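Chains as they are written, first to last, in the UniProt record's numbering: chain H, 1 to 214; chain C, 1 to 214.
Using N, Cα and C, we set each Cβ at its ideal position, and we do this for glycine too.
From a predicted model like this one, the values you see are computed outputs, not experimental measurements.
In what follows, a single structure is set out as structure tokens and then discussed.
Protein chains: 2
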Amino acid sequence: MSYKSPDIHTEKASYHHGDLRNQLLSAGLEIIKTQGINALSLRKLAEKVGVSRTAPYHHFKNKNELLCAIAAFGFQVWTDRLKTIQDKSNISEEQRFREFAQSYVDFAVENPDLYDLMFGQPIWKESHNTGALKKDAYPAFQYQRDFIKSWQDQGILPEGFSDLRLSQVIWSTLHGIARLVIDGIYLQTNDSKQVAEMCDCAVKLFLIESQSQK
Amino acid sequence: MSYKSPDIHTEKASYHHGDLRNQLLSAGLEIIKTQGINALSLRKLAEKVGVSRTAPYHHFKNKNELLCAIAAFGFQVWTDRLKTIQDKSNISEEQRFREFAQSYVDFAVENPDLYDLMFGQPIWKESHNTGALKKDAYPAFQYQRDFIKSWQDQGILPEGFSDLRLSQVIWSTLHGIARLVIDGIYLQTNDSKQVAEMCDCAVKLFLIESQSQK
DNA sequence: AACCTATCTTGACACTGTCAAAATAGATCA
DNA sequence: TGATCTATTTTGACAGTGTCAAGATAGGTT
Chain H
1 MSYKSPDIHT
11 EKASYHHGDL
21 RNQLLSAGLE
31 IIKTQGINAL
41 SLRKLAEKVG
51 VSRTAPYHHF
61 KNKNELLCAI
71 AAFGFQVWTD
81 RLKTIQDKSN
91 ISEEQRFREF
101 AQSYVDFAVE
111 NPDLYDLMFG
121 QPIWKESHNT
131 GALKKDAYPA
141 FQYQRDFIKS
151 WQDQGILPEG
161 FSDLRLSQVI
171 WSTLHGIARL
181 VIDGIYLQTN
191 DSKQVAEMCD
201 CAVKLFLIES
211 QSQK
Chain C
1 MSYKSPDIHT
11 EKASYHHGDL
21 RNQLLSAGLE
31 IIKTQGINAL
41 SLRKLAEKVG
51 VSRTAPYHHF
61 KNKNELLCAI
71 AAFGFQVWTD
81 RLKTIQDKSN
91 ISEEQRFREF
101 AQSYVDFAVE
111 NPDLYDLMFG
121 QPIWKESHNT
131 GALKKDAYPA
141 FQYQRDFIKS
151 WQDQGILPEG
161 FSDLRLSQVI
171 WSTLHGIARL
181 VIDGIYLQTN
191 DSKQVAEMCD
201 CAVKLFLIES
211 QSQK
């Protein structure tokens, strides 16, 4: 999971610096993963890439736009994972739903700071440049909604609600679990057993089949 | 919903400045409510209260500790609202559950920046001084858990799970809805009709009685 | 009256995001 | 080829941030 330059000559490229934009994104993502989102400053990032403080401003309007670009990458990764889940054959639909739910929380727990960036407020609240971000984020949302709708059609998720509402609520549940876990509220990130149990509990609550156990 | 000084002489008090600590908390809360959490800087806060930049450091170890104190106040307010819900008589338990869920999201939507502070990472991730914060936060969590347990005992919430797990998942759902809404992800804060519908959907999913509709 | 100690201020440091103006160098066209 | 254009990068600067160290102040205590 890392940025790749579009060309082969990643090291030294044609223009002044070459693919500064890509390297900024790549280095930014690495800082986020290793030192956390709060440790990412434009200046340190520029230094890491070996360029002056203001060079990034010729590739991103401001810091927020750079963060949006990294977050967009995160959404691409998550969308890919959704595709993988969709493409799995010889698997029951209940199992696919379980995997979807568990994968969602896993993705957040494995990339807490990236997830934090993807769903942190600064990015979404600034109404300026979120257009590019939404372009990558909405497919993921749509994917999830399509999943839910298909499970409703197949009768393993309740049909008393619109697919929009149900997908919003299920998403909220997974998002809420992810947030509480990675923010260290009430429970700890490293307690993977408890996290898995929470996912399992959520899945069972939604699945129609296991309602008899209630 | 505002800080009150313990004494009557709020204006000018005994010591150097008087109840600087309380005024810092009060002014900080006001900034958060009016200008948002990101607009709150120690320096502007000090200026607002009419004191030098470093004066707050004699009442709070650092900025995080001040934020924790404000967040703790938020938890007190929320706990009070939980009590109000608990004390309501001539109301069905299903209705009490509905009200609990709706109130949770309402509280977040009405005080987005305070909620953001209460459940934002910086506060919870710093392991130093969260002791005082937990003292005010955990009663709220416990309250919620007791609610869930009582509803399980009364047979309106599924009993196939431990009250801990179920309360964690229900809390996650409400927290997730709240976060998605106030962070402006996918839906807008001001679309109160949609938010209410999401709450209603979540409530129906959890309540045993409405399972037949599924 | 002398001291103590909590409180507050001034000065300073390192860090941040961002703008304006100058410098550089690849690309384009004569 | 050489001149010019334009995208890119740099240097300098500004306002703002959290926080520390050292000094000033003033109420409470002996």
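- Proximity to SER103(C) across ALA178(C), ASP136(C), THR54(C), LYS44(C) peaks at ALA178(C), based on C-alpha coordinates.
- Restricting attention to PHE141(H), GLU30(H), ASN190(H), the CA atom closest to the CA of THR79(H) is found in PHE141(H).
- Per DSSP, reduced to three states, the secondary structure at ARG21(H) is helical.
- Chain C has a Cβ within less than 8 Å of the Cβ of HIS175(H).
- By the Cβ criterion, the stretch 65 to 83 of chain C is in contact with the stretch 105 to 120 of chain C, since at least three pairs of Cβ atoms, one from each stretch, lie closer than 8 Å.
- Below the 7 Å Cβ cutoff, chain H contributes VAL169 as neighbours of ALA202(C), in chain order.
- Contact of GLY184(C) with chain H by beta-carbon distance below 8 Å involves GLN121, TRP124, LYS125.
- In the displayed model, ILE156(H) falls within coil according to three-state DSSP, outside both helix and strand.
- Put simply, the backbone Cα of ALA46(C) is about 12 Å away from that of ILE31(C).
- Distances from the alpha-carbon of ALA72(H) to those of TYR186(H), GLN152(H), GLY131(H), GLY176(H) put GLY131(H) closest.
- Taking 8 Å as the cut-off, the Cβ atoms of ALA27(C) and VAL51(C) do not count as close.
- Looking at LYS193(C), LYS83(C), PHE147(C), SER172(C), the one whose alpha-carbon comes closest to that of MET198(H) is SER172(C).
- Between LEU207(C) and ILE156(C), the alpha-carbon positions lie close to 6 Å from each other.
- Three or more pairs of CB atoms, one per stretch, sit closer than 8 Å, so the stretch 115 to 127 of chain H contacts the stretch 179 to 188 of chain C.
- Taken through DSSP and simplified to helix, strand or coil, LYS149(H) comes out as helix.
- The three-state reading of DSSP puts LEU45(C) in helix, counting H, G and I together.
- Secondary structure note for ILE177(H): its alpha helix (DSSP H) is the uninterrupted segment 163 to 182.
- Close CB contacts of GLY36(H) within its chain, under the 8 Å cut and outside five residues either way in sequence, are with ASP113 (chain order).
- Neighbours of GLU197(C) across chain H, judged by C-beta separation under 7 Å: ARG165.
- Taking 4 residues as the minimum length, the alpha helix (DSSP H) runs contained wholly in the stretch 60 to 104 of chain H are 63 to 87, in order along the chain.
- Secondary structure of TYR186(C) (DSSP, three-state): coil.
- Taking C-beta atoms under 8 Å as the contact rule, ARG53(H) and LEU42(H) qualify, at a distance of about 7 Å.
- Shortest Cα-Cα distance from ALA55(H) to any of LEU24(H), ILE85(H), LYS135(H) involves LEU24(H).
- In this structure, the alpha-carbon of ARG21(C) lies about 16 Å from that of GLY74(C).
- When only Cα atoms are considered, GLY18(C) and TYR57(C) end up about 15 Å apart.
- The CB of ASP116(C) comes closer than 8 Å to the CB of GLN121 in chain H, given here in chain order.
- Annotation: the continuous alpha helix (DSSP H) that includes LEU114(H) extends over 112 to 119.
- Residue range 192 to 206 is occupied by the alpha helix (DSSP H) that includes LEU205(H).
- Approximately 5 Å separates the beta-carbon atoms of LEU82(H) and TYR143(H); this is inside 8 Å, confirming the contact.
- From the listed residues PHE119(C), PRO158(C), LYS149(C), the smallest Cα separation to GLY176(H) is found for PHE119(C).
- Taking a C-beta distance under 8 Å as the contact criterion, LEU166(C) and GLN152(C) qualify as a contact pair.
- Cβ contact annotation for LYS44(C) (same chain, cutoff 8 Å, sequence separation greater than five): ILE31, in chain order.
- In the structure shown, SER210(H) adopts helical secondary structure according to DSSP, grouped into three states.
- Any Cβ of chain C closer than 8 Å to the Cβ of SER172(H) would place that residue at the interface, and such an atom is present.
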